[in-house]
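Everything below concerns the one structure shown next.
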Amino acid sequence: METTVFGRILARLVAQLPGARGAVFADWDGETVDQASCLDATEMALFAAHWGIVFYQAKARFKKLGLGHLETMVLTFAQERVMVRSVDRDYYVALSIPHDANIGRATALLEQTRLDVLEQM
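Heads up: the sequence shown begins at -3 in this note's numbering, then just goes up one per residue.
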């Protein structure tokens, strides 16, 4: 299967973050557009759908509270950190990295990924 431009952008993100499990570009209802991962495609599709639901529910609640548009969500667990970044109103990128990964670097790279994806849309 040929790698798309989105797949190459995601692969670059994952390659720049040691220990990253993967990144996925998906639409508002959790459907995967493309991904780059050491996990199988089904597992990454479930990852995208699950975190997409959480992200969009949080986004709606925060908007109702008058907090504005949720851009980035970061959740840190014992073994993993999940980052979800809105690309535009309908799309997002979800990223899985080790819990002790450099959050500043990951945030900067995720923002660059968002800009690169937007440029290709």
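Heads up, the beta-carbon is just placed ideally off N, CA and C, and yes, glycines get one too.
Cβ distance (whole Å) where residue i is taken to contact residue j below 8 Å
{"i": "His95", "j": "Glu76", "result": "6 Å"}
{"i": "Val113", "j": "Phe51", "result": "Between Phe51 and Val113 the Cβ distance is about 16 Å, and since that is not below 8 Å, they are no contact."}
{"i": "Ala45", "j": "Gly26", "result": "3 Å"}
Closest residue to residue i among the options (Cα-Cα distance)
{"i": "Leu91", "options": "Asp112, Gly48, Lys60", "result": "Gly48"}
{"i": "Ala97", "options": "Arg17, Val29, Thr(-1)", "result": "Arg17"}
{"i": "Phe73", "options": "Ile93, Thr(-1), Ala45", "result": "Ile93"}
{"i": "Ala56", "options": "Ser33, Met79, Val29, Asp86", "result": "Asp86"}
{"i": "Val78", "options": "Gly3, Met40, Lys60, Ala7", "result": "Met40"}
{"i": "Gln31", "options": "His65, Gly62, Phe2, Val83", "result": "Phe2"}
{"i": "Val83", "options": "Thr109, Pro14, Phe43", "result": "Thr109"}
{"i": "Leu111", "options": "Ala37, Tyr88, Asp23", "result": "Tyr88"}
{"i": "Gly15", "options": "Leu35, Arg81, Leu71, Ile5", "result": "Leu35"}
{"i": "Thr28", "options": "Gln12, Ala102, Thr0, Leu63", "result": "Thr0"}
{"i": "Phe43", "options": "Ile99, Arg4, Ala19", "result": "Ala19"}
{"i": "Met69", "options": "Arg4, Thr38, Ala102, Leu13", "result": "Ala102"}
Identity of the residues DSSP links to residue i by a beta bridge
{"i": "Leu71", "result": "Val78"}
{"i": "Asp84", "result": "In the DSSP output, where bridge partners are listed per residue, Asp84 has none listed."}
Span of the beta strand (DSSP E), counted from its first residue to its last, around residue i
{"i": "Asp136", "result": "There is no way to answer for residue 136, as the model of the chain reaches only from -3 to 117."}
{"i": "Leu91", "result": "87 to 94"}
Residue range of the unbroken alpha helix (DSSP H) whose run includes residue i
{"i": "Leu66", "result": "Leu66 -> no alpha helix (DSSP H), and no H or E assigned at all."}
{"i": "Asp36", "result": "Run containing Asp36: none; DSSP gives neither H nor E here."}
{"i": "Ala102", "result": "99 to 116"}
Extract the residue ranges of the alpha helix (DSSP H) inside the stretch -2 to 27, only unbroken runs of 4 or more that lie entirely within it. Taking only runs of at least 4 residues, the alpha helix (DSSP H) segments lying wholly in the stretch -2 to 27 are 1 to 11.
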